[in-house]
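The sequence shown begins at 484 in our numbering and counts up one residue at a time.
First up is the structure itself, then whatever we jot down about it.
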Amino acid sequence: MPDLQTVLILVPHTDDGEFGCGGTIAKFVAEKKKVFYVTFSTAEKSVPPGMPKNILETEVREATRRLGIPESHLIIYKFEVRKLNYIRQDILEELVKIKKRINPDVVFIPSPNDLHQDHHTVAMEGMRAFKQKSILGYEIPWNNITFHTQGFIKLEKEHVDKKIEALKAYESQRHRPYATEEFIRSLAKTRGVQIGVDYAEAFEVVRWVV
Numbered sequence: 484m485p486d487l488q489t490v491l492i493l494v495p496h497t498d499d500g501e502f503g504c505g506g507t508i509a510k511f512v513a514e515k516k517k518v519f520y521v522t523f524s525t526a527e528k529s530v531p532p533g534m535p536k537n538i539l540e541t542e543v544r545e546a547t548r549r550l551g552i553p554e555s556h557l558i559i560y561k562f563e564v565r566k567l568n569y570i571r572q573d574i575l576e577e578l579v580k581i582k583k584r585i586n587p588d589v590v591f592i593p594s595p596n597d598l599h600q601d602h603h604t605v606a607m608e609g610m611r612a613f614k615q616k617s618i619l620g621y622e623i624p625w626n627n628i629t630f631h632t633q634g635f636i637k638l639e640k641e642h643v644d645k646k647i648e649a650l651k652a653y654e655s656q657r658h659r660p661y662a663t664e665e666f667i668r669s670l671a672k673t674r675g676v677q678i679g680v681d682y683a684e685a686f687e688v689v690r691w692v693v
């Protein structure tokens, strides 16, 4: 993908980007592409009891650092978790500003089939703001009843290792059944088997501009 030099990752909540396309991010960083990561909520109301309310902001900073994303390329909003659908216009307006500032070659969004209301909102507004750009929808298996594996990005073991290392920064999410190294590596292996390589991540092709 030599023509794709500026990459934008749109993330409803901290860690969604790492789960959905962390290996791809690691690959693009290694290829010296400019990767920008935008998260819309630090999900303070979902933080486990006993942990600081801002822990997910701290964790996303560390996780993206481990992936190699410059701090200047990390944009963090603090909209309320599970309420993004109430502020769709605000999100759209912010995305339009980001489009003018970054002008990405490709945009990664949650799958338009994602059932979570926040994920769906970011997907819909992402498609509106970047309708003239190439757009890929990333996979969050526990939220997808339907996911069309229309596009794949080949990964090396080192990219999957980087993804796992980044996700380990999320101490507050360690209790999630999908946050295990076994699950993350096995999904990458499964997607790789589908296209005859060791590892891959799968995407829905929302729009591809050649």
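Glycine included, each C-beta is placed from N, C-alpha and C at the ideal position.
For Glu622 and Ala685, believed in contact at Cβ under 8 Å, the rounded distance: 5 Å
For Val564, the residue or residues it bridges with in DSSP: Paired residues: none, contrary to the question.
Alpha-carbon spacing of Ala683 relative to Val530, whole angstroms: 30 Å
Exposed unless 16 or more other CB atoms sit within 10 angstroms - verdict on Gly620: buried
Residue nearest to Arg611 in terms of C-alpha spacing, selected from Leu487, Asp573, Gly506: Asp573
Separation of His599 from Gln656, as counted between CA atoms: 17 Å
Given Asn537 as reference, the closest of Thr525, Gly503, Gln615, Asp601 once Cα atoms are compared: Taking only the C-alpha atoms, the option nearest Asn537 is Thr525.
Terminal residues of the beta strand (DSSP E) in which Val579 lies: Segment 571 to 585 is the alpha helix (DSSP H) holding Val579; no beta strand (DSSP E) there.
Length of the line joining the Cα atoms of Leu578 and Gln677: 34 Å
Sequence ranges, beta strand (DSSP E) only - wholly within the segment 500 to 556, length at least 3: 517 to 524
Same chain, Cβ closer than 6 Å to Ile628, neighbours up to 5 away in sequence not counted: none
Residue burial classification, Ser594 (beta-carbon count within 10 angstroms, cutoff 16): buried
Status (buried if at least 16 other CB within 10 Å, exposed otherwise) for Glu542: buried
Rounded Cβ spacing between Phe591 and Ile492 (contact assumed at less than 8 Å): 5 Å
Among His642, Leu638, Asn586, the one whose alpha carbon lies nearest that of Ile618: Asn586
Residue burial classification, Tyr653 (beta-carbon count within 10 angstroms, cutoff 16): With at least 16 other beta carbons inside 10 angstroms of its own, Tyr653 counts as buried.
Lys672 beta carbon less than 7 Å from that of Gly506: no
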